[in-house]
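Below is one structure, written out as C-alpha cells; comments come after it.
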Amino acid sequence: MKKYTWLTLWALFLTTLLFTTSCDSDDVAPMPTVEYKKLAEGNAAGSDIKVELYSTEDLATGYNQLYVALFDAAGKRIEQGSVSLKPQMDMGMMKHAAPVENPVSEQTKNGYFPGAVVFTMPSGEMGSWTLGIQVQANGQTGTFTTPVTIKEPATSRLKSFVSKTDGAKYFVVYLQPQKPKVGVNDIEIAVYKANSMMDYPAVTNLSLVLEPEMPTMGHGSPNNVNPTHAGGGHYKGKANFTMTGLWYLHLTINDATGEAGKLHFEVNF
Amino acid sequence: MKTPLLLGALALAAVPVLAQQKAIPADSVRTIVLQEVAVVTKRHDHQQHLQNFYNANQAATTEELMSRMPELSFIRRGSYGMEPTIRAYSGGQVSVTLDGMRIQGACTDKMDPATIYIEPLNLQRIEVQTAGASSMQGAAIGGSLDMKLAEAELSDERKLSGSVSSGYQSAAHAMLGGLRLSYATPTWGLRASSTYRKAQNYRNGHGEKVLYSQYEKANYALNGKFLLQEDLVLKADLIIDDGWNIGFPALPMDVGQANARIGSVSLVRENSDRRWSRVEARLYANRIAHSMDDSARPDLPVRMDMPGLSRTSGMYLEGTTSPGHHQQLTVRADASASYLSASMTMYQEGQTPMYMLTWPDNRQLQSGIAAQYSFQVGDKTQLQLNSRVNLSDFAITTGEGRSQLSVFGYENTARQFVIPSLSLQASRMVYKKLKASLSGGFNGRTPTASELYGFYLFTQFDGFDYVGNPNMKSEKSLQSEFTLSWQEPRVRLQATGYVSRVQDYIVGTYDPNLSAMTIGARGVKVYDNTPYALLAGAEASAVYNITGYTQLVSTLRYNYGRNADGEPLPMIPPLRSITSLRKYFGDNLWVQGETELAAAQNRNSESFRERPTKAFMLWHLRAGYQRETENKVWQLNTGIENIFDVHYREHLDWGRIARPGRNVFVQVSMGF
Ligand SMILES: [Cu+2]
Ligand SMILES: [Cu+2]
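Protein sequences appear in the order of chains A and B. Counting from 43, one number per residue, gives the positions in the first sequence under the numbering used here. Counting from 2, one number per residue, gives the positions in the second sequence under the numbering used here.
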C-alpha cells in the first residue's frame, strides 16, 4: 500500500516536471527569397551583346538596386565585363543625371552585375527618365538605353538639402531598415552632392547625428548609434524603435566646418 | 462546545481555541478561519485568532476581510483588485498563494492580485506568516499570505446541504448573491459555490460619486473529495472567476475582462500511525487572462488596449513527520513554471496602430525545497528552524521579445537565481502565562518579471514609465522579530516588533537619458538595486472577554521604512488601530460597535512624489441575528460603516481618491 502511494506521488511529480519544462518557442525568420523582375532587355547598340535589366522592386525615387545580365550572340551568359549606368532625366528645358553606383567588380555575382541608381524625382509631367547601360565585354563596347518609369513611393526615401556651409545641393537616400522591427535596427543611408547637373559624387566626410522620434507621441528611443561612413558615401548606424507605428529618423548632417543641414525620414510599420 | 461565540452553521467565524495547547505557538503565523462551520484542525489550534470581528460585514469581499488583519494593508487603485501588502512589503517581496498554488497576475499594473479569485464563500482560512516561517511557501522577504480553499466534506450519512445568500451595500449600490451546495457521502463529497457581485460607482464622504469605481464579477468554485483508502484522499478543485467592467479610478485604464481558470488535483494521506503523519502532493495549473483599456475614459489623444496572459503550472509535495520525541519536521518540495506575456496597442486616428510588448514573452521556472523543524525543549522552550533553497530561472521566450529588450543594450536576458533562506525562532514561557519569542534569519527574493523585463510600464503612482533590468541582483533581507504574548482564557495580549534590513533593495531609478513613452509621463525609471532599505514596525492585539457575552478586540500596528539615504520609503502605512466591542444578547443576536483609527502619515517619499495623508477616525456599527428552524438556519447581518460619513483616504490609496462614505449593508442568508 505504501508503495502505491509513493508511486502515485512520483508519477505526479514526473508529470509536473514534464509539463513545466515545455520548451521555449523561438521564431525562426524564413530565408528571404529574392525575386528578380526583368525591367527591360535589348541589344547594346554597337555590339552584339544582349543586355537585360532587373530589379527586385519597382523603380522609385530614391536608392534602387539594379541587376544587369549580359548575354553573347549565342545567348550564353557573359560572366566578365564592365558595366556602367547612365541615368538621365529629360525635363524639356534641361537634362540631368542622377547618382549611380556602378558594379564594383568585373565579375558577375550570381550571373548579374549589381549596381544602383538614385533616382532623384519621379517620372511624370515634369519629365521622363532613361537609363543608359554601357557595357564592355568580349572585346566589344556598346550602350543599351531604355526608358524607365520612376514612381514616387508612399513614404519618401530621398531627401535633399542645400548645405549651409558650402551652398551645394545634397541628396540623402534611405537604404535601411527595409523591414523595420521593434528593437535594434541597422540603419543605412547614402549621401551625394550635386557638383553639376551631370555629376553626383558620393560624400564621404560627413558626421551624422541620428535621433529617432515618434511624432504622434513625442518620444524618442534610447541607445541609437549615429551612422558613420562605411564606404562609397554609405553611412551605417543603429536606430532603435520601441514600438510599431510612425517614426521620424531625424538626421543632422555636419561637415568639417559645421552643421550643413537637417532632415528626417519617415518609417511607418 | 456551543458557546455564544460559535454562531452556528453559517457563522463565518472562528472558534477561539484556548483549550488544550499542544505546543507553544509559533508566533509568526496568523490565521483567520472563515469556515462556515469553524473547523480548527490540529495543525492550527495553537494559532492566534482575532476571530469574529474580522468579517462582521458579511457582504465584504476577501480583500475587505483581510484588510482588518494588523499585518496586512492594501494598495488601492480601485474598489476591486487591491494589492495586498504584508507589513510594508509589497509586490514581489511577499508570496501570495491560493491554497499553496502560485498564481502570476496577468496585469502589468498589478490590478489582479491572487486574492481576487477567492470569495469568502469558498475561503476556509487565511494564513499570514511573517519572517522566516514564510519560507515554506516561497522565496519572499516580506512574508506569505496563503488562502486556504473550503473543502467538500465526507459524512457517514448521505447528506445534501447548502446556503443561499444575498446582500446589499448602499455606498456603491452593490448587490451580492451567493449560492452553495454540498453533497457528502461516506466515501466522497462535492462542494459547489458561486458568488456574483455587482457594484456601481461608490459615493465618498462628500456625497460625490467616484467615477470608474464600479465592478462586476462572478466566481464559481467546485471541490471534490474522494476517499481512496482509509487514510488517503484525492481532492480536485476548479475555480472559475470572471470579472468585467472593473473600474480603476486611480489609474488611467479600466479592466474590460479578467478571467481566471484555476485547477488542481491533490492526494493527501493523513495517518498519525505512519512515519509520515501527513503527506500531500498536488498538481495544479492556472490561466489568467486580463484585458484593460481606456475605452470608458473621455477625450484621450491616444486609445490603448493592454491585454495580458499568464499561465502557470506547478506541483508541490509536502510531508510531516516526527523524527523524535517532541519534534516535528515538515518538508516541502515545490516547482512551478509560469509563462507571461502582455502587450499594448495604441490607436490614434489616421495612424498606424502602435504596438509593443509591455512584458516581452517570458517564463519563470522555479523550484524549491523547504523544511520546518520544531523542537520542544522541555516544558517551556520551543525552537523552530525554517529553511529553504529556491532556484529560479527566468528567460525571454521569443525572438521578438529579445529584439525589443535589445533596445536597452540587454543582450543576455536569461537569469538564474539561487536564493537560500534560514531562520531560527526560540520561544519560551518566561513568566506565568507570558511567553517571549525571538526569531532571526535571512531570506531573499528574485526580481519580478516587471522588474527584469518590463518595457515602459507606466506607473500612475509617481508618473514614470518603468523599464526592467535583467542584470539585477536578488533582494536579500536580514530580519529579526520579537513577540511577547500573554494568554489566558479571558485575556489574550500579543505584541510583536520587527526590524529588517533589505540589501540590494529594488527600486526604479530615474534615468534622464531615456525619454518617456507614455504621453504625460514625467520620465523613465529603470529598476535597479539600491544599497539597502530599513523596515521596522510593530503590531499589537488584545482580545478581552469581559463577560461570556461581551468581547473587546483591539489591534494596533505601526510601520517604518527608510532607504539608504534616510528618505522615507513610499507606501508605508501609518499607525492604525481597530477596536471593536461586541455584545451578545442571548444566543441569537449580537451588536458590535467599532472604531477605526489611522494616524496621519507625514513620512512620505518625496522622490516618489508621494504626499502626506491626514489622520481619520471611523465609526462602524454592526449587528447579526440568527434564527434556527427545524432544518434551516436564517441569518441576518446588517450595519452601518463610516457612520459619520467621513471623507478620508488611506495612505496606500493611489491617486488621492477618497474611500466610500457612509455605507449601510444588509445580508440575508438561509442555510439548510
Ligand atoms: Cu510611441
Ligand atoms: Cu490591468
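Glycine residues also receive a C-beta, built at the ideal position from the N, C-alpha and C atoms.
Going by alpha carbons, who is nearest to residue i out of the options?
i        : options                                   : result
Gly325/B : Asn287/B, Met347/B, Pro253/B and Tyr374/B : Tyr374/B
His652/B : Val508/B, Gly594/B and Pro575/B           : Pro575/B
Leu590/B : Gly567/B, Ser342/B, Thr548/B and Gly625/B : Gly625/B
Thr116/B : Thr109/B, Leu124/B and Met254/B           : Leu124/B
Asn282/A : Leu81/A, Tyr78/A, Val159/A and Lys223/A   : Lys223/A
Ile231/A : Ala272/A, Ala86/A and Glu167/A            : Ala272/A
Asn664/B : Leu622/B, Thr630/B, Lys633/B and Arg612/B : Leu622/B
Leu248/A : Pro264/A, Gly260/A, Val226/A and Gly274/A : Gly274/A
Trp189/B : Asp232/B, Ser195/B and Glu217/B           : Asp232/B
Val251/A : Lys278/A, Ser238/A and Met259/A           : Lys278/A
Asn205/B : Met671/B, Phe673/B, Arg491/B and Asn643/B : Asn643/B
Trp289/A : Val159/A, Gly260/A, Asp90/A and Ala298/A  : Gly260/A
Ile507/B : Ala534/B, Gly442/B, Ala517/B and Lys584/B : Ala534/B
Thr519/B : Leu301/B, Val378/B and Ser422/B           : Leu301/B
Ile263/B : Lys210/B, Thr98/B and Ile127/B            : Thr98/B
Leu73/B  : His648/B, Asn560/B and Thr331/B           : Asn560/B
Leu384/B : Asp588/B, Glu540/B, Leu330/B and Pro361/B : Leu330/B
Gly166/A : Pro189/A, Glu77/A and Asn180/A            : Pro189/A
Gln367/B : Gly351/B, Leu392/B and Met618/B           : Leu392/B
Val468/B : Gly400/B, Arg416/B, Tyr528/B and Gly498/B : Tyr528/B
Determine, using beta carbons only, whether residue i and residue j come nearer to each other than 8 Å.
i        : j        : result
Phe395/B : Leu358/B : no
Ser265/B : Asp242/B : no
Lys226/B : Leu146/B : no
Met307/B : Met345/B : yes
Gly257/B : Asp295/B : no
Ala173/B : Asn202/B : yes
Asp505/B : Lys477/B : yes
Ile247/B : Ala259/B : yes
Met79/B  : Ala290/B : The residue you asked about is not Met; residue 79/B is Gly in the sequence shown. No. Outside cutoff.
Asn444/B : Gly402/B : no
Ala140/B : Thr447/B : yes
Trp277/B : Thr321/B : yes
Use the C-beta contact count for residue i: other C-beta atoms within 10 angstroms, 16 or more gives buried, fewer gives exposed.
i        : result
Pro243/A : exposed
Leu161/B : exposed
Asp208/A : exposed
Ala102/A : buried
Tyr432/B : exposed
Tyr511/B : exposed
Gly168/B : buried
Phe75/B  : buried
Tyr118/B : buried
Lys235/A : buried
Ala565/B : exposed
Val95/B  : buried
Asp100/B : buried
Asp241/A : exposed
Met256/A : buried
Leu6/B   : Per-residue confidence for Leu6/B stands at a pLDDT of 27, beneath the threshold of 50, marking its modelled position as unreliable; no derived number is given.
Gln49/B  : Residue placement at Gln49/B cannot be trusted, given a pLDDT of 36 that sits under 50; what the coordinates show is reported in the next sentence. Gln49/B comes out buried.
In the structure shown, what three-state DSSP assignment does residue i receive?
i        : result
Arg88/B  : coil
Thr614/B : strand
Val224/A : coil
Ser136/B : helix
Arg493/B : strand
Val408/B : helix
Ala115/B : helix
Ala450/B : helix
Phe673/B : coil
Thr63/B  : helix
Pro121/B : helix
His306/A : strand
Gly401/B : Going by the sequence as given, residue 401/B is Glu instead of Gly. Of the three classes helix, strand and coil, the one that applies to Glu401/B here is helix, per DSSP.
Glu154/B : coil
For ligand 2, which residues have a Cβ under 5 Å from at least one heavy atom, in chain order?
-> Qualifying residues, in the order they occur: Cys108/B, Asp110/B, Met112/B and Met293/B.
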